[in-house]
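The structure under discussion appears below in the form of structure tokens.
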Amino acid sequence: VQLQASGGGLVQAGGSLRLSCAASGSIAVINVMGWYRQAPGKQRELVATSARFGVINYVTNYANFVKGRFTISRDNPKNTVYLQMNSLKPEDTAVYYCNANNRGDLYWGQGTLVTVSS
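Under the numbering used here, the residues of the sequence shown are numbered 191 to 308, in order.
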């Protein structure tokens with residue numbers, strides 16, 4: 191699976207961005223799709239995941255520092271995962287990476303830079 195992330199850019203604090211992650215294959219069968227981020231000088235950290243639960247249901251999970259502000263969603267027919275980011279803060283500045291975890295096989299996108307100015 192190849193992943194292509196897009197949608198990053200420069201935004202003022204309090205603003206919004208929507209990141210997209212387009213997959214080369216079907217994401218409907220991938221167990222977990224997620225977004226991670228890496229700020230300068232810091233380790234990569236989990237932002238949000240969407241885990242398949244049963245045939246058509248998905249369970250979402252968020253890091254505490256984005257709960258209530260970010261939303262992960264899947265569009266299976268388009269093989270795309272989104273990360274809607276609202277109420278952005280300067281500390282959200284990072285490169286955001288899309289991730290697919292299919293029963294332990296990990297795939298990463300190339301990352302998209304999000305810069306939040308104060």
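Here a beta-carbon is modelled for each residue, glycine too, at the ideal position from N, C-alpha and C.
All values reported here derive from a predicted model rather than from experimental measurement.
Anticipated Cβ contact below 8 Å, residue i with residue j, distance rounded
| i | j | result |
| --- | --- | --- |
| residue 302 | residue 195 | 4 Å |
| residue 191 | residue 213 | 6 Å |
Proximity of residue i and residue j at Cβ, strictly below 8 Å
| i | j | result |
| --- | --- | --- |
| residue 197 | residue 269 | no |
| residue 247 | residue 293 | no |
| residue 249 | residue 278 | no |
| residue 304 | residue 211 | no |
| residue 273 | residue 193 | no |
| residue 318 | residue 251 | Since the first residue of the chain shown is 191 and the last is 308, residue 318 is not available in this structure. |
| residue 284 | residue 242 | no |
Candidates the options, of which the one nearest residue i by Cα
| i | options | result |
| --- | --- | --- |
| residue 253 | 278, 308, 237, 263 | 237 |
| residue 239 | 278, 261, 275, 218 | 261 |
| residue 289 | 282, 305, 264 | 264 |
| residue 199 | 275, 242, 299 | 275 |
| residue 286 | 225, 205, 206 | 225 |
| residue 280 | 255, 299, 223 | 255 |
Bridge partners - residue i, DSSP secondary structure assignment
| i | result |
| --- | --- |
| residue 276 | Answer is none; residue 276 lacks a bridge partner. |
| residue 283 | None, per the DSSP bridge assignment. |
Which ranges does the beta strand (DSSP E) cover as unbroken runs of at least 3 residues, wholly within the segment 214-247, from first to last along the chain? Taking 3 residues as the minimum length, the beta strand (DSSP E) runs contained wholly in the segment 214-247 are 222-228, 235-243, in order along the chain.
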